[in-house]
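Shown next, in C-alpha cells, is the structure this report addresses.
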Amino acid sequence: MAVLVKRRRSDDSIAYRIQDRTTGYPSLSETFTTLKAAREYKLKVEYEREAGLAGLRRGRHRLGDAVHDFTETAEFAKRKSGATTRRQLGWWSDRIGQLPLAKITPDLIADHLHALEVGGCSGSTVNRYRSALSRVFRYAVNTRRWTNHNPCSMIERRPEGRRRE
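Remember, my numbering sits 2 above the position in the sequence shown when you count from 1.
Here is the structure:
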C-alpha cells in the first residue's frame, strides 16, 4: 500500500511524499507540492498495482531494445523469413527505435506505413512491415512485460493483390 507523508522542507514549505514499497513490485517514491496531486498519484499507484500494471517498467525500454531482444530469441532464429524480417525490423528501428514503447501510438505507426505506400510499396509489403512490428510488440507484451498493449492490433491490414498461379 502506498503511504502519504507530509514533510516540511528546509525553506519551511510543505511537500507531500508518496512511498510504495510493496513486496514484489518496484520501490516508488514521488514528491508533490500539493496534497491533491499527491492523493491522485496515490490512487493511481494503488489502482495500477491492483490491475497488475505496476510491475511494468514503462518508459524504460525503447523499441530498438525490443527489436534487439526479439531478434536474439530462439524463436526468431527458427524462422525461414528471418533475413527479411530482420531487414523490416531494422527499418522500424531506424525510424522510431529511439522512442519508448509507451510513446508509440497507432497513429504514428499508420503514418510510417503510409510513407511506405507512398514510396511505392504494395499493400502486401506494407502488411509484412506491420506484422513484423506487431510480432515485436507481442513479444514485449507477453514475454518481457515491457508494455501492456500492442498498437499494431488497432491498424487495419491493407488489401493485397491476387496470388500468382
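We put the CB at the ideal spot given by N, CA and C, even for glycine.
Residue span of the alpha helix (DSSP H) that contains V69, given as start and end:
L65 to T73
Determine which residues share a DSSP beta bridge with E32 and list them.
I20
For my contact list, S126 and E162 are in at a C-beta cut-off of 8 Å; report their separation, rounded to the angstrom.
5 Å
For the alpha helix (DSSP H) that L91 lies in, which residues bound it at each end?
G84 to I98
What number of angstroms, rounded off, separates the C-alpha of A39 from the C-alpha of L118?
43 Å
Taking 8 Å as the cut-off, is the CB of R9 close to at least one heavy atom of the ligand GTP?
Among the components of this structure there are no ligands whatsoever, and the ligand GTP is therefore not found.
Looking at C-alpha atoms only, which residue of A4, E32, F34 and R11 is the closest neighbour of T24?
A4
Is the Cβ-Cβ distance between T107 and L91 less than 9 Å?
no
Any C-beta of chain B sitting closer than 9 Å to the C-beta of I157?
As a matter of chain content, chain B is missing from the structure shown, which is built from one protein chain.
Rounded separation between L103 and L65 - CA only
6 Å
Rounded to a whole number of angstroms, what is the C-alpha to C-alpha distance between V69 and N144?
14 Å
Since R132 is in the alpha helix (DSSP H), which residue starts that stretch and which ends it?
G125 to R140
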